[in-house]
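Asker: Residue numbers (the numbering used here): 100 to 475. Every residue gets a Cβ at the ideal spot worked out from N, C-alpha and C, and that includes glycine. Sharing a structure with you now.
Structure (structure tokens):
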């Protein structure tokens, strides 16, 4: 695959090193999706003129994915509110319930979750994501979530869950059930993390991601931009992804929806929100640095114009959520999404659930043959 055209001034010697780096991006991505960019290189990408950055990101995107195809997910909160975590942006935190006034809800019954999954499939979603406001699932919760995974997969949908921290045994249980993706966001950089949450450490988040990865489940891990962090924090977050043995298969890049009554939400509402173009820059740099990952538009999309969403897709985003609600925050309307997809010429990706493996087992006493299902 040839390198990109020279998009900097050809006679500017001061830019020659940057130009060499840019010209190598496409070639590196074509040769190996495991290419690692240094922190310095990530910072260089953020500093590019926006049009140059988008050109690089879209070119690399097309080397790794079908052009103009998007993966569509639906997200359902299966247990809402009273979370013991103190995440400063989240209305579901029990620490903020007196100010956010969020009404907590118990676990949704299995048949109601399945009905929601059927509706999601009928409207074109290929992945059904289920989130619970827990610090971690308890032993009594595991049969419930395992049943949900199996039932949703039986519909032909990809499955994703976000349930808080997982230990190795819980990850193995979900893998055996056939879970396709597990979401556990880093949220921000290591250095800014203490400004966001204190009830769970950064290393605990990384431990859960490692447990998920080792179980054979695809990793979904992203961030939330616009919480008052600096660009250096956004650079460090992408660099953290590249420190992993393998970048997450799915990377949500959320734009904070500031919720009144949450510490971070109140601060952002008073001081002003991050510019959409900086969010789009973050998407583009993520696409370049993680060329084979799905990059998802998540929270914050409902406030964007059609043109801003088009720029986000140009930046390499190729996944988004359907539905009018994301857990407890609003989302773009489905009818509006369908109209925008038609105008942009985008098509929906078909579901490709992770196929379980069957291992033949022979009972030495009876001679009876059975099959045991193994995760990939």
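If we count Cβ pairs, one from each stretch, closer than 8 Å, do we get three or more for the stretch 373-391 versus the stretch 200-220?
Answerer: Touching, no.
Asker: For residue 228, which of 184, 265, 177, 187 has the nearest alpha-carbon?
Answerer: Position 129 of the chain shown holds residue 228. Nearest option by C-alpha distance: 177.
Asker: I'd like the span of the beta strand (DSSP E) that includes residue 259, first residue to last.
Answerer: Within the chain shown, numbered from 1, the residue matching residue 259 stands at position 160. Element bounds for residue 259: 257-261.
Asker: How many angstroms separate the CA atom of residue 409 from the CA atom of residue 147?
Answerer: Along the chain shown, read from residue 1 onward, the residue named residue 409 stands at position 310. Along the chain shown, read from residue 1 onward, the residue named residue 147 stands at position 48. Distance between the alpha carbons of residue 409 and residue 147: 19 Å.
Asker: Does the beta-carbon distance from residue 250 to residue 450 come in below 8 Å?
Answerer: For the purposes of this step, residue 250 is identified with residue 151 of the chain shown, where counting begins at 1. For the purposes of this step, residue 450 is identified with residue 351 of the chain shown, where counting begins at 1. Cβ atoms of residue 250 and residue 450: not closer than 8 Å.
Asker: Spell out a yes or no on whether the stretch 360-371 and the stretch 136-145 are touching, meaning 3 or more CB-CB pairs, one atom from each, closer than 8 Å.
Answerer: The stretch 360-371 vs the stretch 136-145: no contact.
Asker: Just the Cα atoms here: how many angstroms apart are residue 161 and residue 321?
Answerer: Counted from its first residue, the chain shown places residue 161 at position 62. Counted from its first residue, the chain shown places residue 321 at position 222. Going from the Cα of residue 161 to the Cα of residue 321 covers about 21 Å.
Asker: Could you give the residue range of the beta strand (DSSP E) that holds residue 281?
Answerer: Here residue 281 corresponds to residue number 182 of the chain shown, with the count starting at 1. Counting along the chain, the beta strand (DSSP E) containing residue 281 begins and ends at 280-282.
Asker: Looking at residue 381 and residue 318, is the spacing between their C-beta atoms short of 8 Å?
Answerer: Counting from 1 along the chain shown, the entry for residue 318 is found at position 219. Counting from 1 along the chain shown, the entry for residue 381 is found at position 282. No. Outside cutoff.
Asker: How many whole angstroms separate the CB atoms of residue 401 and residue 299, which I take to be in contact at a CB cut-off of 8 Å?
Answerer: Along the chain shown, read from residue 1 onward, the residue named residue 401 stands at position 302. Along the chain shown, read from residue 1 onward, the residue named residue 299 stands at position 200. That pair is no contact at about 27 Å.
Asker: Give the straight-line distance between the Cα atoms of residue 347 and residue 393, rounded to the nearest whole angstrom.
Answerer: On the chain shown, position 248 is the one that residue 347 refers to. On the chain shown, position 294 is the one that residue 393 refers to. Distance between the alpha carbons of residue 347 and residue 393: 9 Å.
Asker: Just the Cα atoms here: how many angstroms apart are residue 130 and residue 377?
Answerer: Taking the first residue of the chain shown as position 1, residue 130 is located at position 31. Taking the first residue of the chain shown as position 1, residue 377 is located at position 278. Note that residue 130 scores a pLDDT of 42, beneath 50, so its modelled location is shaky and nothing firm can be said.
Asker: Give the secondary structure of residue 45 by DSSP, where H, G and I count as helix, E and B as strand, and everything else as coil.
Answerer: Because the chain here runs from 100 to 475, residue 45 falls outside it and cannot be looked at.
Asker: What first and last residue would you give for the alpha helix (DSSP H) that runs through residue 388?
Answerer: Within the chain shown, residue 388 is the residue found at index 289, counting from 1. From DSSP, the alpha helix (DSSP H) with residue 388 extends over 375-388.
Asker: Taking the alpha carbon of residue 243 as the point to measure from, which residue in 205, 255, 279 has its own alpha carbon closest?
Answerer: Taking the chain shown and counting its residues from 1, one reaches residue 243 at position 144. Minimum Cα distance to residue 243 is reached at 205.
Asker: Quick check on residue 226: buried or exposed, where buried means 16 or more other Cβ atoms within 10 Å of its Cβ?
Answerer: For the purposes of this step, residue 226 is identified with residue 127 of the chain shown, where counting begins at 1. Result: buried.
Asker: Buried or exposed for residue 277, going by 16 or more other Cβ atoms inside 10 Å?
Answerer: Looking up residue 277 in the chain shown gives position 178. Buried.
Asker: For residue 170 versus residue 448, is the C-beta spacing smaller than 8 Å?
Answerer: Counting from one through the chain shown, the residue named residue 170 turns up at place 71. Counting from one through the chain shown, the residue named residue 448 turns up at place 349. Cβ distance < 8 Å, so residue 170 and residue 448 count as in contact.
Asker: With a floor of 3 residues, list each beta strand (DSSP E) that falls wholly inside the stretch 275-347, ordered by position along the chain.
Answerer: Entirely contained in the stretch 275-347, the beta strand (DSSP E) runs reaching 3 residues are, in chain order, 280-282, 317-319, 322-324.
Asker: Based on the DSSP output, what are the partners of residue 229 in its beta bridges?
Answerer: Residue numbering aside, residue 229 sits at position 130 when the chain shown is read from its first letter. DSSP lists 175, 260 as partners of residue 229.
Asker: Can you name the start and end residues of the alpha helix (DSSP H) that residue 145 belongs to?
Answerer: Stepping through the chain shown from its first residue, residue 145 is reached at position 46. Residues 138-145.
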